[in-house]
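Working notes, beginning with the structure itself.
Residue numbers (the working numbering): 10 to 401.
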């Protein structure tokens, strides 16, 4: 199957979807929120949860048995359970603008339907409770709704609510800005196997004209590394244009990468030993990869569920181990319905591409992530540890 990346190689290549990030970094913060807006009419969506410790909001209504057929937006956020407050902020912002399910007699009396998923990044900025708030959700939502040039992040305490926030990254559709990757939005505090994780996105244009794309916040217990070479798992699925350069790391670089992988495993065991017997029953999950897979082809909720489910195959190609008891891996499947499904053959192409764009998005997240050191810890970026593998 002849597949190429879309124009921006991002989730925004699915016409009608917009992405906004709120990035909170500073002395105590290393977290953020990402909003995917489905346009005025909303989108069809479903969810597939494979991790052992998920954190979600309003996912029951995504069941094919539930009456609600479309959602207004989806929120991906850091902050664990505290971060779910950001979804409330997105709901409020969308309602203020009249986007949502009509629930009253007057225009504007709407209820935005906004499912959400969280990842664990508590304490990575130095303070355990420095988490996304309702205002974070509003800001990320505004970034999605009001496209503007991408700007650099600023310490969270200096970003004024409701202004042109320095910590806000905007994303639009194909005619707009490229969706920011790496240490932004929900991926700001993400870590994968001891390396810095982050936001990654990728898209695929299929021969018949359909588009499939994914956006992930990559924050896994498992590692993206081959256990011998230090190369990135699943790199054989990359398409031309996905990365500027990616070759095998040198022996020295591979040793440094694998040392990080081993240290992360030792730290996990050490924390368990420190917690003693309690660890067997109440160990707090410290990771979770969350994301959205979308297509412009019309699918019902069952079809979106299959899209999300097969996306987990893409995670398994790029992260090992995956879907652990300490992850809450959650993927949303989304259809904008802009194109008619031509038949079973096209559906199978879409599903195959869905798994591949997830793998590509994971790799792009790892490569885009930059090293970070805070009061809460230090996490090196793959590209910084292996410059010969990724540099000019």
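Even glycine gets a Cβ: it sits at the ideal position worked out from N, Cα and C. Keep in mind that this is a model prediction, so the values were computed, not measured.
**Report entry** Residue from 338, 301, 28 whose Cα sits closest to the Cα of residue 156
**Finding:** 28
Requested in this report: Grab me the residues of residue 108's own chain with a C-beta within less than 7 Å of its C-beta, minus the 5 sequence neighbours each way, in chain order.
Outcome: 49, 81, 119, 121
Requested in this report: Note the first and the last residue of the continuous alpha helix (DSSP H) segment covering residue 373.
Outcome: 353-377
Requested in this report: Use the C-beta contact count for residue 174: other C-beta atoms within 10 angstroms, 16 or more gives buried, fewer gives exposed.
Outcome: Residue confidence is low: residue 174 scores 44 on pLDDT, short of 50, so the model does not pin down where it sits. Its coordinate-derived value is still stated next. Classification for residue 174: buried.
Requested in this report: Drop a sphere of 10 angstroms on the beta-carbon of residue 205, count the other beta-carbons inside from all chains shown, and report buried for 16 or more, exposed for fewer.
Outcome: buried
Query raised in the report: Which residues share a DSSP beta bridge with residue 76?
Result: DSSP, once it has assigned bridges, lists no residue as partnering residue 76.
Query raised in the report: Within 7 Å: the Cβ of residue 205 and any heavy atom of the ligand MN?
Result: The ligand MN is not part of this structure, which contains no ligands at all.
Query raised in the report: Is it true that the CB of residue 325 sits closer than 8 Å to the CB of residue 372?
Result: no
**Report entry** Three-state class that DSSP yields for residue 341 in the structure shown
**Finding:** strand
**Report entry** Pick from 334, 60, 89, 240 that is closest to residue 398, judged by C-alpha positions
**Finding:** 240
Query raised in the report: Over what stretch of residues does the alpha helix (DSSP H) that includes residue 43 continue unbroken?
Result: Counting along the chain, residue 43 falls outside any alpha helix (DSSP H), though it belongs to the beta strand (DSSP E) covering 39-46.
Query raised in the report: residue 308 and residue 344: beta carbons closer than 8 Å?
Result: yes
Report task. Evaluate the contact criterion for the region 136-154 versus the region 92-112: three or more CB pairs, one atom per stretch, below 8 Å. Result -> yes
Query - Residues of its chain near residue 166, where Cβ-Cβ distance is below 7 Å and the 5 sequence neighbours each way are ignored - result: Bear in mind that a pLDDT of 39 at residue 166, under 50, signals an unreliable position, so the model cannot answer this.
Query raised in the report: For residue 134, which residues from the same chain have a beta carbon less than 6 Å from its beta carbon, with the 5 sequence-adjacent residues on both sides left out?
Result: 37, 38, 39, 383, 385
Query raised in the report: How would you call residue 124, buried or exposed, if buried means at least 16 neighbouring beta carbons within 10 angstroms?
Result: buried
**Report entry** Cβ contact (3+ pairs, closer than 8 Å) linking the region 14-24 and the region 218-233
**Finding:** yes
Query raised in the report: Touch check for the region 345-359 and the region 247-265: three-plus C-beta pairs under 8 Å?
Result: no
Query raised in the report: Beta-carbon separation of residue 363 and residue 302 under 8 Å?
Result: yes
Query raised in the report: Between the C-alpha atoms of residue 189 and residue 77, what's the straight-line distance to the nearest angstrom?
Result: 31 Å
Query raised in the report: Does the beta-carbon distance from residue 245 to residue 150 come in below 8 Å?
Result: no
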